[in-house]
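Just below is one structure, and these are the notes that go with it.
In the numbering used here, the protein residues as written are 827 to 1124.
So this is what it looks like as structure tokens:
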């Protein structure tokens, strides 16, 4: 029994001390044990770095930095600094010199050439986004066919919640390589409009006055910039007006709720003013050579 334990122990020690790479001139001797210890400390370091950065952000930085996007940038910066520190400590404990990276640099370059370029591209794009801030957390954006609010900007990708409440993961490079419409780049105020058609013969000035009153009574409509009314068109069946106003886009559904509230208020005030909202109408003309014969049958 003792011999079997010794054999197992000797086998384990042999595997642990097995040399993967050795270069006496550069002082490198990479063993299985060293590699295992390095990987273990890197994994633990990543978890500790994430915990430290989040704790520091929640307990300290959040009291000083009020802007959420800037807070995320500093949180990520702390994470990378702590992680790099643990990474260097792991190499030291595992007796792996930094010169090892001069040897694996060629292999890394080959790896980047064969498929890692997208990962590196997205990582660098994420850093550029955090520094230049073309897109920030909380921004309401449109990219390709996706419209929604930015929830999180990570090292590789950005999380967006769409108008339907769906969560999308978008590569960071998409925001730098494609045209992005940022509705809230400078502030949360966005312009929107509601159209309404009234019957021909309606007093157009009364319609304008009523629409502006509706804008005053809807809480989500901003006082500045001031709402205004546009007499948009002489339609086929109606006089078409638009009430144009600004509202705060503090959440994805805000713009839809404000439009709905505006329509409710317009309908209420139009009824009080006896303003008729037009509906489609068609005139039928019959071209006959003689009068139509009409008969009633039981």
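In this text, a Cβ means the ideal position worked out from N, Cα and C, and glycines have one as well. Only a predicted model underlies this, so the values are computations on that prediction, with no experimental measurement involved.
Pairing residue 1007 with residue 968 gives a Cβ-Cβ distance under 7 Å. In this structure residue 1071 touches residue 1047 by the C-beta definition: roughly 5 Å separates them, less than 8 Å. Contact between the region 1022-1033 and the region 979-987 is absent: fewer than three C-beta pairs spanning the two stretches fall below 8 Å. The DSSP-derived three-state label of residue 842 is helix.
If you draw a straight line from the Cα of residue 1058 to the Cα of residue 991, it is about 33 Å long. Beta-bridge partners assigned by DSSP to residue 1119: none are found. Selection 1106, 962, 915 evaluated against residue 1026 yields 1106 as nearest (Cα-Cα). Each residue's CA atom was taken as its position, placing residue 964 and residue 842 some 50 Å apart.
One alpha carbon belongs to residue 870, the other to residue 916, and they sit about 10 Å apart.
Around the beta carbon of residue 885, fewer than 16 other beta carbons lie within 10 angstroms, which makes this residue exposed. Distance from the CA of residue 1010 to the CA of residue 1090, rounded to the nearest whole angstrom, comes to 26 Å. Around the C-beta of residue 1021, fewer than 16 other C-beta atoms lie within 10 Å, and the residue is accordingly described as exposed.
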